[in-house]
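First comes the structure, then the notes that go with it.
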Amino acid sequence: YDQAIANYQKAIVLAPSFQQAHHNLAQSYAKCRQYTSAIAAYQRALALDPEDAKSAYNMGLLYEKIGNPKKMITAYRQALSAMPDFAKVFSALGMFYCQQDRLEEAMLCLGQALSINPDLAEAHLNMGIVLQKKGHYRKGLTHYQHALSCKPDFSKAKWLCMLSLPMLYRNEESIGSYRRQFAGNLNKLIASTPLDSVQNRRNALLGVGTTTNFYLQYQCRNDLQLQVQYGKFAHEIMAANFPHWTRKKKM
Numbered sequence: 004y005d006q007a008i009a010n011y012q013k014a015i016v017l018a019p020s021f022q023q024a025h026h027n028l029a030q031s032y033a034k035c036r037q038y039t040s041a042i043a044a045y046q047r048a049l050a051l052d053p054e055d056a057k058s059a060y061n062m063g064l065l066y067e068k069i070g071n072p073k074k075m076i077t078a079y080r081q082a083l084s085a086m087p088d089f090a091k092v093f094s095a096l097g098m099f100y101c102q103q104d105r106l107e108e109a110m111l112c113l114g115q116a117l118s119i120n121p122d123l124a125e126a127h128l129n130m131g132i133v134l135q136k137k138g139h140y141r142k143g144l145t146h147y148q149h150a151l152s153c154k155p156d157f158s159k160a161k162w163l164c165m166l167s168l169p170m171l172y173r174n175e176e177s178i179g180s181y182r183r184q185f186a187g188n189l190n191k192l193i194a195s196t197p198l199d200s201v202q203n204r205r206n207a208l209l210g211v212g213t214t215t216n217f218y219l220q221y222q223c224r225n226d227l228q229l230q231v232q233y234g235k236f237a238h239e240i241m242a243a244n245f246p247h248w249t250r251k252k253k254m
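In terms of the numbering used here, the sequence shown opens at residue 4 and continues consecutively.
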């Protein structure tokens with residue numbers, strides 16, 4: 004992206020009011036994780052066109068990355084002011100409220116996102132997370148499944164669909180049933196997660212970062228074998244993405 008950045012900078016020198024060049028420059032900076040420069044470029048794009056909802060939304064995402072929720076919300080509000088039916092903004096707000104444990108506000112935002120775009124995979128994923136956080140395991144699972152039907156390569160939804168567990172169980176038999184389901188899904192997930200390409204490794208990394216086995220211990224069983232199997236799988240994914248972390252250092 005260095006060449007793209009240089010080209011957009013030249014375009015801006017020649018035509019400082021070329022709004023799209025500022026927007027594209029911001030995107031290139033963001034791809035290089037130069038978030039401060041990206042935000043500054045989005046601000047210039049918005050100064051030229053305050054109704055550019057996409058620039059405002061993207062700027063909000065960057066504010067979230069750098070840990071500035073106040074400015075993030077301001078950016079999202081600007082995006083919604085320009086485009087009131089911007090479903091992705093409602094979805095992002097919903098996930099933010101979920102992370103703050105403001106679950107009712109999260110559900111309102113995500114419900115709005117899905118009413119605008121019923122096939123927005125990210126909104127279904129986020130709604131599933133909120134519902135399961137509220138104790139509605141099966142309803143959450145339904146949203147993960149819907150997310151996968153909308154976006155079959157959505158690794159976050161795939162991992163949550165296969166490995167999420169309820170917090171509470173009706174009886175001993177249901178514990179056994181969910182435990183067998185988890186063990187079977189873990190085997191299927193391992194078998195269906197190739198690490199032979201950059202994109203596959205990236206998808207696996209996104210998946211393993213989405214969920215943990217925290218609720219497995221709520222079953223009050225011996226989890227050693229399952230946790231070792233999962234741990235080896237997680238190690239393979241991390242080693243494939245960051246091979247330098249696995250090299251032995253000389254003492």
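All residues carry an ideal CB built from backbone N, CA and C; glycine is no exception.
Judged by pairs of C-beta atoms under 8 Å, the segment 32–40 does not touch the segment 14–24, as fewer than three such pairs exist.
An exposed status is given to ASN225, since fewer than 16 other beta-carbon atoms sit within 10 Å of its beta-carbon. Here ALA90 really is in contact with ALA116; their C-beta atoms are around 4 Å apart, less than 8 Å.
ASP55 counts as buried, since no fewer than 16 other beta carbons sit within 10 angstroms of its beta carbon. Secondary structure in the segment 115–178: no beta strand (DSSP E) run of 3 residues or longer lies completely within the stretch.
PHE185 carries a helical assignment under DSSP once its states are collapsed to helix, strand and coil.
For the 9 Å CB-CB criterion, GLY131 and ALA109 do not form a contact. Check the Cα spacing between GLN6 and each of PRO197, SER31, ASN61: the tightest is with SER31. For the pair LEU163 and LEU208, the CB atoms are not nearer than the 9 Å cut-off. CA-to-CA, the gap between TYR4 and ALA44 works out to about 15 Å. It is roughly 10 Å from the alpha-carbon of GLU175 to the alpha-carbon of CYS223. With a 10 Å radius around the Cβ and a threshold of 16 neighbouring Cβ atoms, GLU67 comes out buried. Cβ-Cβ distances below 7 Å link MET86 to ALA56 in the same chain, with the five nearest sequence neighbours on each side left out; the list follows chain order. Here GLY97 is buried, its C-beta having at least 16 other C-beta atoms within 10 Å.
Between TYR172 and ILE178, the alpha-carbon positions lie close to 6 Å from each other. At a Cβ-Cβ threshold of 9 Å, THR214 and SER167 count as neighbours.
Listed in chain order, the alpha helix (DSSP H) elements of length 4 or more contained wholly in the segment 23–68 are 38–51, 56–68.
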